[in-house]
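Engineer:
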Amino acid sequence: MSDHPSADTIALIGAGPSGLAGARNLQREGLPFQGFEAHADVGGLWDIANPRSTVYQSAHLISSRTTTEFTEFPMPPGVADYPSHRELRQYFSDFADHFDLRRHYRFHTRVLRVEPESEARDTRWRLSFRTDGGPVQTESFRGVVIANGTLAEPKRPAFEGHFDGELLHTADYKHPELFKDKRVLIVGAGNSGCDIAVDAVHYAASVDISVRRGYYFVPKYVFGKPADTLGGALKLPPWLKQRIDATVLKWFTGDPVRFGFPKPDYRMYESHPVVNSLVLHHIGHGDIGVRADIARFEGRTVHFKDGSARDYDLVLCATGYDLHYPFIERAHLNWQGMAPQLHLNIFAPRFDTLAVLGMIEASGIGWQGRYEQAELVARYLRAQQKATPAAEALRAAIQGPPPDLSGGYRYLKLDRMAYYVHKDTYRAAVREASAKLDA
Ligand SMILES: Cc1cc2nc3c(=O)[nH]c(=O)nc-3n(C[C@H](O)[C@H](O)[C@H](O)COP(=O)(O)OP(=O)(O)OC[C@H]3O[C@@H](n4cnc5c(N)ncnc54)[C@H](O)[C@@H]3O)c2cc1C
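So in the numbering used here, spot 192 of the sequence shown is number 234, and the numbers just go up one at a time.
In structure tokens:
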């Protein structure tokens with residue numbers, strides 16, 4: 043740990059998967075950096091003891107191990123296809139040990155403020171931070187890499203009326219004991235909503251799930267293999283892939299409409315698919331009921347938009363998370379609408395020395411996708427020091443029109459899709475930009 047940063051030191055915020063990828067790549071490029079982590083250790087949300095963690099006791103990966111892990115640090119043989127949060131915490135701990143990354147971090151240290159010192163593109167940055175309950179300290183850095191996570195700030199919807207029972211968010215949920223003998227309504231059938239509905243089945247008096255729209259349910263296994271390991275080599279145009287994969291899904295999971303879900307009013311991959319083999323199983327056994335969108339609350343009664351009504355003890359909103367960068371002015375990150383508009387979801391257009399890692403949502407991007415972001419950032423910071431033509435070319439691209447990262451898919455215009463990218467298109471664009479800097 044460097045108590046007094048050198049003039050070249052980069053500040054790195056967060057020691058989750060993205061922050062660790064950042065640390066490793068800054069290290070690889072030989073750039074001095076100082077990491078800040080509010081929690082006691084590495085692992086980010088995969089350390090359930092981290093107060094900002096939004097995993098629950100039953101949480102496992104929904105993408106499979108080999109498509110998710112860092113390429114240069116495979117998980118040891120014997121780790122399950124879809125490891126639990128406990129194994130993942132260990133994995134990140136081992137990663138930090140292996141590359142000797144912990145010594146670069148100040149743990150128990152929350153970054154409170156990040157401010158440019160001037161209007162110049164290559165401005166230095168002033169960071170204010172506090173360790174435990176100590177005094178606020180301020181230091182100056184050459185650049186800032188933000189990796190504080192995207193799934194920690196609950197999006198709590200506003201409902202008409204008042205609910206007299208417990209009204210919670212998935213961020214509040216850790217263990218299914220919470221549901222014991224209660225009539226439970228889960229709001230939203232995204233990945234967390236479905237996982238938690240399945241947990242609740244074994245504890246609750248009854249479980250319903252309220253949905254606004256239809257979903258595509260992908261089983262965890264197809265032909266006995268993790269579903270996301272199949273079909274990768276074949277590059278098909280979106281319309282054909284959508285048609286083939288939707289047909290294969292119908293063979294394996296059946297038609298969700300038969301299980302009470304609305305028919306999706308969008309095509310496959312235009313929203314994040316739900317990877318869950320058990321939710322339809324439990325609906326088929328009558329253990330989970332599918333309800334319409336909520337119209338309003340009245341005491342313990344929930345009125346649904348289809349005119350039906352039921353009583354509940356606990357309503358749990360699985361309504362997702364807002365992007366949250368509370369320590370920096372929104373304008374510096376070029377916020378527009380629900381998300382910062384950043385070149386390749388990484389670079390703030392006004393500055394050379396400000397980057398964000400992990401602000402991507404995509405089906406199957408994995409930690410390697412985040413690692414590749416970090417590789418690009420570290421190479422760019424190094425190329426700037428050498429003032430190479432490649433650095434100048436990337437600087438121009440960052441200020442130019444945004445590349446199309448949709449892969450030809452028309453994503454739903456939803457808040458949570460505001461920073462969604464097509465995995466292959468995105469990774470190819472990041473790798474190409476990175477390769478140009480590797481001189
Ligand atoms: C239930 C669940 C299942 C998931 N399944 C998958 C999956 O199967 N595959 C997949 O790829 N992804 C999955 N994810 C997504 C997950 O977000 C990523 O795997 C990964 O954790 C993102 O890493 P990150 O470093 O960007 O953020 P995080 O893991 O959230 O880490 C951010 C870190 O920054 C720290 N921090 C925040 N603010 C500050 C501050 N001001 N100062 C200092 N430190 C700060 C936090 O303490 C934290 O340690 C899942 C998420 C959840 C909740």
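Just so you know, even glycine gets a beta-carbon here, dropped at the ideal spot from N, CA and C.
1. Looking at the structure shown, is His211 part of a helix, part of a strand, or coil, going by DSSP?
2. Are the stretch 129-139 and the stretch 243-259 touching, with three or more C-beta to C-beta distances below 8 Å?
3. What is the residue span of the alpha helix (DSSP H) that Val419 lies within?
4. For Asp50, which residues of its own chain have a beta-carbon under 6 Å away from its beta-carbon, when the five flanking residues on both sides are left out?
5. State the Cα-Cα distance for the pair Met43 and Leu62, rounded to the nearest angstrom.
6. Considering only residues of the same chain and omitting the five flanking positions on each side of Glu414, which have a CB-CB separation below 8 Å?
7. From Gly411, Pro304, Leu358 and Ala439, pick the residue whose C-alpha is nearest to that of His385; which is it?
8. Looking only at its chain, what residues have a beta carbon closer than 6 Å to the beta carbon of Met459, apart from the 5 residues adjacent to it on each side?
9. Return no unless some Cβ of chain C is closer than 8 Å to the Cβ of Ile440.
10. Please report the residue range of the alpha helix (DSSP H) in which Gln284 lies.
11. Mind checking whether Ala80 and Thr151 have CB atoms under 8 Å apart?
12. May I ask you to report which of helix, strand or coil DSSP gives Asp307?
13. Please report the straight-line C-alpha distance between Val243 and Ile251, rounded to a whole angstrom.
14. For Gly56, is the classification buried or exposed, using 16 other Cβ atoms within 10 angstroms of its Cβ as the cut-off for buried?
15. At the level of alpha carbons, what is the spacing between Val332 and Lys283?
16. Would you list the residues sitting across from His385 in a DSSP beta bridge?
17. Is Ser60 helix, strand or coil when you go by DSSP?
18. Between Phe301, Asn318, Ala65 and Lys267, which has its C-alpha nearest Phe141's C-alpha?
19. Do you know offhand how far Trp281's Cα is from Ile407's?
20. When you compare only the Cα positions, how much space is there between Ala404 and Thr173?
21. Any heavy atom of ligand 1 inside 7 Å of the beta-carbon of Leu87?
22. For the candidate residues Glu312, Val260 and Leu456, whose alpha-carbon lies nearest to that of Asp297?
23. Using CA coordinates, which residue listed in His314, Asp307 and Tyr258 is at the minimum distance from Phe294?
24. Measuring CB to CB, does Phe137 end up less than 8 Å from Val357?
25. Would you check if the distance between the CB atom of Arg144 and the CB atom of Val84 is smaller than 8 Å?
26. Should the stretch 108-115 be called in touch with the stretch 83-99, which here means at least 3 C-beta pairs below 8 Å?
27. Regarding Thr180 and ligand 1, is the C-beta to nearest heavy atom distance less than 7 Å?
28. With DSSP collapsed to three states, give me the class of Lys267.
29. Out of curiosity, what's the CA-to-CA distance linking Pro119 and Gly411?
30. Residues in the same chain with beta-carbon distance under 7 Å from Pro59, minus the five sequence neighbours each way, listed in chain order, please.
31. Gly362 and Ile325 look like a contact to me (Cβ under 8 Å); what is the Cβ gap, rounded to whole Å?
32. Give the DSSP bridge partners of Ala138, in chain order.
Structural biologist: Inspection of the coordinates gives the following:
1. Numbered from its first residue, the sequence shown carries residue 211 at position 169. In the three-state DSSP reduction, His211 falls in the strand class (E or B).
2. No: the two stretches stay apart, fewer than three of their Cβ pairs being nearer than 8 Å.
3. As a first step, residue 419 must be located in the sequence shown, where it is residue number 377. Element bounds for Val419: Gly408 to Lys428.
4. By 1-based counting over the sequence shown, the position of residue 50 is 8. Here the set comprises Pro74 and Arg184.
5. Indexing the sequence shown from 1 puts residue 43 at position 1. Indexing the sequence shown from 1 puts residue 62 at position 20. Here the model assigns Met43 a pLDDT of 44, short of 50, so the residue's position is not dependable, and the following value carries that caveat. Rounded to whole angstroms, the separation of the alpha carbons of Leu62 and Met43 is 15 Å.
6. Within the sequence shown, residue 414 is the residue found at index 372, counting from 1. So the list reads Arg469, Val472, Arg473 and Ser476, once near-sequence residues are dropped.
7. Numbered from 1 along the sequence shown, position 343 holds the residue referred to as residue 385. Selected option, being the one with the closest Cα: Ala439.
8. Residue mapping note: residue 459 aligns to position 417 of the sequence shown, counting from 1. The residues are Tyr453.
9. As a matter of chain content, chain C is missing from the structure shown, which is built from one protein chain.
10. For the purposes of this step, residue 284 is taken as residue 242 along the sequence shown, with counting starting at 1. Membership of Gln284 in the alpha helix (DSSP H) is indicated by the continuous run Pro280 to Thr295.
11. The residue given as residue 80 occupies position 38 in the sequence shown. The residue given as residue 151 occupies position 109 in the sequence shown. The answer is yes: Cβ separation under 8 Å.
12. Residue numbering aside, residue 307 sits at position 265 when the sequence shown is read from its first letter. In the structure shown, Asp307 sits in coil (DSSP, three-state: anything other than H, G, I, E or B).
13. If you number the sequence shown from 1, residue 243 lands on position 201. If you number the sequence shown from 1, residue 251 lands on position 209. Each residue's Cα considered, the two are about 11 Å apart.
14. The residue you call residue 56 lines up with position 14 of the sequence shown. A residue is called buried when at least 16 other Cβ atoms come within 10 angstroms of its Cβ; Gly56 meets this threshold and is buried.
15. As a first step, residue 332 must be located in the sequence shown, where it is residue number 290. As a first step, residue 283 must be located in the sequence shown, where it is residue number 241. Between Val332 and Lys283, the C-alpha separation is close to 29 Å.
16. Stepping through the sequence shown from its first residue, residue 385 is reached at position 343. Bridge partners of His385: Phe389.
17. Indexing the sequence shown from 1 puts residue 60 at position 18. In the structure shown, the three-state DSSP call for Ser60 is helix.
18. Start at 1 with the first residue of the sequence shown, and residue 141 comes out as number 99. It is Ala65 whose Cα lies nearest to the Cα of Phe141.
19. As a working mapping, residue 281 is identified with position 239 in the sequence shown. As a working mapping, residue 407 is identified with position 365 in the sequence shown. Rounded to whole angstroms, the separation of the alpha carbons of Ile407 and Trp281 is 21 Å.
20. Counting from 1 along the sequence shown, the entry for residue 404 is found at position 362. Counting from 1 along the sequence shown, the entry for residue 173 is found at position 131. Separation of Ala404 and Thr173 (C-alpha to C-alpha, rounded to the nearest whole angstrom) is 34 Å.
21. Mapped onto the sequence shown, residue 87 falls at position 45. At least one heavy atom of ligand 1 is nearer than 7 Å to the Cβ of Leu87, so yes.
22. Position 255 of the sequence shown, counting from 1, holds the residue named residue 297. Taking only the C-alpha atoms, the option nearest Asp297 is Val260.
23. For this step, residue 294 is matched to residue 252 along the sequence shown. Checked all of His314, Asp307 and Tyr258; the closest Cα to Phe294 is Tyr258.
24. Walking along the sequence shown from the start, residue 137 turns up at place 95. Walking along the sequence shown from the start, residue 357 turns up at place 315. Going by C-beta atoms, Phe137 is not nearer than 8 Å to Val357.
25. What you label residue 144 is simply residue 102 of the sequence shown in a count that begins at 1. What you label residue 84 is simply residue 42 of the sequence shown in a count that begins at 1. A contact, by the Cβ cut-off of 8 Å.
26. The stretch 108-115 is not in contact with the stretch 83-99.
27. As a working note, residue 180 is residue 138 in the sequence shown. Within the chosen limit of 7 Å, ligand 1 does not reach the beta carbon of Thr180 with any heavy atom.
28. For the purposes of this step, residue 267 is taken as residue 225 along the sequence shown, with counting starting at 1. Residue state, collapsed to three classes: strand.
29. Residue numbering aside, residue 119 sits at position 77 when the sequence shown is read from its first letter. Residue numbering aside, residue 411 sits at position 369 when the sequence shown is read from its first letter. Straight-line Cα distance between these residues: approximately 22 Å.
30. In the sequence shown, the residue the question calls residue 59 occupies position 17. Within its own chain, the residues whose Cβ lies closer than 7 Å to the Cβ of Pro59, once the five positions on either side in sequence are excluded, are Gly86, Phe134, Trp409 and Arg412, listed in chain order.
31. The sequence position of residue 362 within the sequence shown is 320, counting from 1. The sequence position of residue 325 within the sequence shown is 283, counting from 1. Contact between Gly362 and Ile325 does not hold, since their C-beta atoms are separated by about 22 Å, which reaches or exceeds 8 Å.
32. On the sequence shown, position 96 is the one that residue 138 refers to. According to DSSP, which records beta bridges pairwise, Ala138 is partnered with nothing at all.
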